[in-house]
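Chains as they are written, first to last, in the working numbering: chain E, 22 to 555; chain L, 144 to 811; chain A, 10 to 202; chain U, 314 to 820; chain Z, 521 to 623.
By construction, the Cβ of each residue, glycine as well, lies at the ideal position given by its N, Cα and C atoms.
All values reported here derive from a predicted model rather than from experimental measurement.
Working notes, beginning with the structure itself.
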């Protein structure tokens, strides 16, 4: 174990991107101040490398955090708290446990990769782009590390703006529609979440007679809200998270956002942003409102399964590569919500694992689509074909990640799906069987895609591109290589993630189970196997 | 809801494997690791090698030698009756769930090891010649190695989930190899079909595995066997779980209703057909059920389903094989039919026979497929038997070995196939499944017929080869003929070596410890074997029917230089409506492909389109509708703003009146 | 005076008669203000209405207010209005329509409002009712310059602000270009033609 | 006594004196805009400082701080609300003054008259802030609105400006008359003009158990309509879009915050302080109108292509949000909760002042060159033509949307929180408010879309911004950011608003 | 009648109503201004009436009325200035013709 002493490592991680962003912002004026003439193109390069360096530092710090993290200890570590708005007892309070650590690592890694992946494709307004990305990283890290609900909300919204700009400025032709849809959709949910947060804080302060600690996650978890408030607050939070995840039928912003976003934007969107929702459900919805969670679990489960099957079926007929992957995300993220709400270890740990795996795999798939889009300026499946002959490395990677996405054992995608399905079969018996049909549809749409773009003859459209259709270049390979390695590594050694998250998730489940036990009747008798096993 | 066995009985019946020594574990790791390394190395650098096959073949040969050593050790009793087991590491551990990556080496896996490694090695060698001119052969060998790794993992794994992983990996290799010539449409489609059909089956399989875990609390085979039989489980659940597992097995082994992928899989290179789609992978289902007999044994209704499906597949495939023109398709349907036999054996409780047939059929069918590859090679990639004929003189080695294979498959005594097939039929009858026996015997006759129809059309009669190709026909190179000869040896001698004495054979001794608990649970006892008596009589009947089938085939299609009566076939088929209909139906595979096409491709496509329409127009329609409606409302609201002061003033006055009225009403 | 105690026949107090007369004048002329076609006549009726009101102030025992009313309203405001009327009178004579198109709706609203207000007034028990109390000028002056001295000063500021701003706005500076006046552009066109 | 009075009135006197000084300077030294600006800005800074000096402040600063009043009975009191609002009005005046030259000078509009009128107007607001007598409040209101009418028509050669002014004037006078009638009813019923006196008299006759006397109900209705007009609540909002669009842009900025906050101050003095016993009577109407106001405002803003008009409608929506705080006061049972509603009103007003003025300032800066319209298209590609103004505009718009951690977010959060504290139907109002905020994001972000996601027009001229505007923008943006992000500032405003509200809202 | 508060209040309300109607119905800006003056006078009447019937309020009421008159004068000044300014632009005092800005 590494002793980080009095180093406020979490704040360091959170604010390194901000420092980087400010640095990039001020670099131009500074250079002008010291009278150094830099060619605009060189200046763009400076921005690129500056952002990369920042992301690298953040990644390195998060690795350091992982090294210093004690996976045996319960509770939050490296907690740092300071008063922010004392009037309402609002704090700047951050802390890390296994769940957030895993997601922080995912975030810093994917941001690093995304920034690298933007080197080629982003040619205009590089500075603004890089700053947006770093601010985005700040927001995402903040969400994962915040231990004060107000702070959590603030970071939650901070995420929104840079993503809005990234899609809106560097996106495709229909980007404005997509980005506004994204923002409005997300805002509707998050604003109601704010209502719920405030209502909880008020209730807390009323009961305890003081605002101190009213927004403190740790205090609120222990508070025990009355069922009515739980129900409404649960719904407030749930709406925000369900939109972000996104759960059926609140998913339609996602295909549009993905389709229009630049490659790196899609990567981050799929890789991290969607996870904010899953993280929120685990971190907030279950521990804060265990009664409501128990009551509403059937609803969430129904929506999740609907989303899993629905997303997969819709993906089958998508004509656009990115849309296809977007719908696959809807389907895959359905696993996450399903896993969370079956309330057993396999399900919940599987959900977290699935979040990580989906982040890596879908991120890689978007990178690959980006590779092909860079060369063809097209993503229409019907215009592709025979890429296997022309760009074999690309094709290999595409097949690799498609199979990973389809849940091939030995790769990361399988473990999460398996655990979630196991959890849901355990909790729901034959309904879990129905949910598992998703894996069939997943194979259908992925293989259709592979067959259509990789196999067969080279289409006239691609032939027309001639030598412009080059294989994966060095930078692209550098972005994809870590994802390949991690996909395999996590597929073979899922304990890398599961060991970190098991302890905190057990605590969450204990809270939910306690609430369920205090409720009158359970439907355990309907299951053909002993309840203790799941 | 009562348990099958008491805990005590369970403890006595199931004896756990011994703990493996370090050497064995290392060797097993090598057996698994060499092909995997071969795959990775060939995949990464194979393209740049002048002999891309070198790493891969070397890896397999080495693995084969080690595996053979291990297998002989096991069969020789070094590891005791129940084999050895070792856990390398825990793959997944969540809550009670512990999925351990380890192996079990007992007699069953030892036999499977031999089949898999030897056929695998021979196919590798064969492929050196067969794929010599293909520019992508590095890829081919890499995939083959991947397959070998996966298949070996499958037969060695000690945990359900690891078997499932291997199950998927062999599926993957199969997918890659069927689609090896992916630029062509047919292989691309066939590979996808194979993968998807398997996925459907695997879905049930996976849920079945989950149910096993949930009911027994373990993912380990041997632990689960005890727990399963001592736990209180509703019989309905037992059968349901067993059926789920069977569905998985049926998918991989292409049993009805999952049989459609296998014939299409012949789009892959012929060595692949030999290795994967005849000799090894398709046997995975049989192996799995054999491995889990203690599970199935306590689910008799599920076993009945296995038997029924096996029987049906055997008949169905055999009838289709009768009329096919593509040499590989005939063999493919024949494979289906023979796999049906194996499932029949599994279903009736003749598990030993199933494994015996698995081995015999594996070598035989491997030989036949490789032989067909040699034929196809000779006639320049022609697969249609109506464009062959009279080849026996030109490719004598191929012909000779092929003939051995055909005889073995047809069940002619002393060949391997005879022993195994008759064991199945015999035990089915003995165990009281006489309808199954009758159908089995009938299928044996059909087998004789279609195999010798194939022989006749391919090797005998008049040559119908393209005149341009005719002069260029030549025997295949040594790397191809060598494996044929090598495979002919077990095809001839396997039965004689391990199938004798009848009723008390070596293989029975080997497998007895594996199947004993299941037989006890199921309550099977075999009566004394009577060669001169019932058992011998059964042999006579089946051999006679097979001979009859062969005779008819020879009469119609000729042998060596005899004249073929091909026209008779046509006239027979055309004689009346019924036969014509049957002939066409057989030729069209009983229309299952068309049915599935309509059902899943067309209808499924329609459903998918429908859901997509729903997504765009209803769900997103509502979302956009809300947006549009809001905008629209905005426009309406703005219309109130007329720009005229009087309108504003009037509204204020009206507002005042209303507010005043409300206040006054509230005050009352 | 030799008048009877009450109005003959009607048995009203004379004050009441005066009240009615003044009210009639005031309301009548107010009505003529709003109903009249000619804006100049309206302004004149307005003056009469103000005068009626001044009389009522007198009746309420507030001669000081009555005088102020006459001085400020009639003397200043009404004259100001008259000036404005003159300045803005269109060269083409009074407009065809005096009322805007929805005058009837305005009438209904006004009637409803009046109805509501009268109802409330009549249904309310007012705390003080009965004796008219007259405030003399001294009292008013004391209130104004002692209690409300501050307000009075503020009033000065208010009027100053109004005058300064008003002056600026009403000042002519025709040398400057006009913008955003489609109607004027149209009229300039007409005038030139 | 005289010193006390002087100190009590000091900020007000400074502002009025400043206005007079400017008039005089212009008379004797014409055409010295720089001098006017120097005196105006300097004077307002002095006024700011004096406000802080004479207080009262919510903290014990250890030095002289005079809560005092003028007149006996009091006409004008300097309490926490007064000092807070004085600061707000002076800041509004200061910012507006800073933004003015860039717009006025190129259009040849006279700066001295503008400055003087503006200062008179804010002095009216300051008078309301401390008014303790209905007459003073009325005078303050008129002192506020009469210069306001004039400012709206300040570009007197511009048809839109005068059109807006006359609409504003006519409707404003109409509503003043209505308001005045309402005041007369209250006066007649309570026999008192004192804020405290009225509260006492009402408390004596009316404790909420018996039905409200009808005349009082009528008076309340008249008063309500009068003030609802002033704050531009639906359906009394019609003047806003036209007056805002027509006015010179700096004036629009001023109009959108100055009179609105002053009108809320009026409400605080009359409805919250004087008519406190009647609060239950207007809760329902104001609550419904709050919901309607925010919804209509946002809906109408959705499709606006003119940014000034859009911001006008948006200001209607913000009125609706602030009204929620009033309704909280009216419906709360707990004094602390009631006071938190008023705190919401105050906090929101302060935050809104800075962010909205800032947004208008950017529009004004863009319009520095005469002929540049306030159409949305003007903003096309602004992010690349003028990075800093665009960035600031983005900050203001995000704050208006309510994105944390900017001032607007905290304002909304506090109002919503207070509504939730009441619970029940108020929670529904809170949800409606949040849904409205989401709707509002659409049109605020539309401007961002234009600035960053569209190409600038080919002939878009280079943008140059004067120093005054720059300084003003910096101030506004600084406030918008600091109120949210800098704990001492947030805390100061929270404490101040809380203390002021607690003193005011005694139920 | 002349001794009852209600009578004066009703009179005031009637005057207010006439003013309101005038404001709502007239097209001419100055006529509307006149209507507003009528309304303000109605208010003044009410205030004076209240004062007259409430002894302690009498002087105060007159003072307030005076203030109102003064404010009305100020309002008229401003209003007329605006009318004159707009007349220069639009060449008409009819307010329903000022509708360049709407929706």
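For residue 195 of chain E, count the other beta carbons within 10 Å of its own beta carbon; 16 or more makes it buried, fewer makes it exposed. Which is it? Label assigned to residue 195 of chain E: exposed.
To the nearest angstrom, how far is the alpha carbon of residue 266 of chain U from that of residue 687 of chain U? With chain U running from 314 to 820 in the structure shown, residue 266 of chain U is simply not present.
For residue 292 of chain E, count neighbouring C-beta atoms within 10 Å of its own C-beta (all shown protein chains included) and say buried if the count is 16 or more, exposed if not. The Cβ neighbour count for residue 292 of chain E, taken over all protein chains shown within 10 Å, is at least 16; the residue is labelled buried.
Taking all protein chains shown into account, decide if residue 672 of chain U is buried (16 or more other Cβ within 10 angstroms of its Cβ) or exposed. By the 10 Å Cβ count, residue 672 of chain U comes out buried.
With a threshold of 7 Å between beta carbons, is residue 563 of chain Z in contact with chain A? Judged by the 7 Å Cβ criterion, residue 563 of chain Z is not in contact with chain A.
Touching or not, the stretch 604-615 of chain Z and the stretch 85-100 of chain A, by the rule of three or more beta carbon pairs under 8 Å? Enough Cβ pairs lie closer than 8 Å, so yes.
Cβ contact (3+ pairs, closer than 8 Å) linking the stretch 719-727 of chain U and the stretch 675-691 of chain U: Flag = no, the stretch 719-727 of chain U and the stretch 675-691 of chain U do not touch.
According to the neighbour-count rule (16 or more other Cβ atoms, all chains shown, within 10 Å of its Cβ), is residue 575 of chain L buried or exposed? With fewer than 16 other CB atoms across the displayed protein chains lying within 10 angstroms of its CB, residue 575 of chain L is exposed.
Reduced DSSP category for residue 244 of chain L - H, G, I as helix; E, B as strand; rest coil: Strand, per DSSP.
Entirely enclosed beta strand (DSSP E) segments - the stretch 442-506 of chain L, minimum 3 residues: The qualifying runs do not exist here; there are none.
Helix, strand or coil: which one does DSSP assign to residue 222 of chain A? Chain A is shown only over 10 to 202; residue 222 of chain A falls outside these bounds and no answer can be derived.
DSSP state of residue 101 of chain E, grouped into three classes? Three-state result, residue 101 of chain E: strand.
If I measure Cβ to Cβ from residue 101 of chain A and keep anything under 6 Å in the same chain, skipping five residues before and after, which residues do I get? Residue placement at residue 101 of chain A is poorly supported in this model, since its pLDDT is 48, which falls under 50; the coordinates still yield a value, given next. There are no such residues.
Could you name the residues that DSSP lists as bridge partners for residue 293 of chain E? Answer is none; residue 293 of chain E lacks a bridge partner.
Is the stretch 444-459 of chain L in contact with the stretch 522-532 of chain L, if contact means three or more CB pairs nearer than 8 Å? No, because fewer than three Cβ pairs between the stretch 444-459 of chain L and the stretch 522-532 of chain L fall closer than 8 Å, the two stretches do not touch.
So residue 116 of chain E is in the beta strand (DSSP E); what residue range does that whole segment cover? Element bounds for residue 116 of chain E: 111-117.
Contact between the stretch 561-579 of chain L and the stretch 675-686 of chain L is defined here as three or more beta-carbon pairs at a separation below 8 Å; is this criterion met? Yes: at least three Cβ pairs fall under 8 Å.
Ignore the nearest five residues each way along the sequence and tell me which others in residue 172 of chain E's own chain have a CB closer than 8 Å to its CB. Cβ neighbours of residue 172 of chain E within its own chain (closer than 8 Å, five residues either side excluded): 105, 111, 112, 113, 114, 115, 163 and 236.
What residues of chain L sit near residue 752 of chain U, judged by a beta carbon separation below 7 Å? The contacting residues are 773.
In the stretch 74-87 of chain A, which residues sit with their C-beta less than 8 Å from some C-beta in chain Z, listed in chain order? Result list: 74, 77, 78, 81, 82, 85 and 86.
Simplified DSSP assignment, three categories, for residue 360 of chain L: Coil at residue 360 of chain L, not helix or strand.
Does the stretch 590-608 of chain L come close enough to the stretch 539-546 of chain L to have 3 or more Cβ pairs within less than 8 Å? Output reads yes: the stretch 539-546 of chain L touches the stretch 590-608 of chain L.
In three-state DSSP terms, what is residue 43 of chain E? Of the three classes helix, strand and coil, the one that applies to residue 43 of chain E here is helix, per DSSP.
Would you decide whether residue 342 of chain L is buried or exposed? Buried here means 16 or more other CB atoms lie within 10 Å of its CB. The C-beta of residue 342 of chain L has 16 or more other C-beta atoms within 10 Å across all chains shown, which makes the residue buried.
Under the DSSP definition of a beta bridge, which residues are partnered with residue 237 of chain L? When DSSP reads this structure, residue 237 of chain L sits in a beta bridge with L:240.
Does the CB of residue 22 of chain E have a neighbour CB from chain L at under 7 Å? For residue 22 of chain E, the predicted structure reports a pLDDT of 49, less than 50, and the residue's modelled location is therefore unreliable. The matter cannot be settled from this model.
Within 10 Å of its beta-carbon, does residue 439 of chain L have 16 or more other beta-carbons around it, so buried, or fewer, so exposed? Sixteen is the threshold: when 16 or more other Cβ atoms of the shown chains lie within 10 Å of the Cβ of residue 439 of chain L, as they do, the residue is buried.
To the nearest angstrom, how far is the alpha carbon of residue 50 of chain A from that of residue 42 of chain A? Going by C-alpha positions, residue 50 of chain A is about 8 Å away from residue 42 of chain A.
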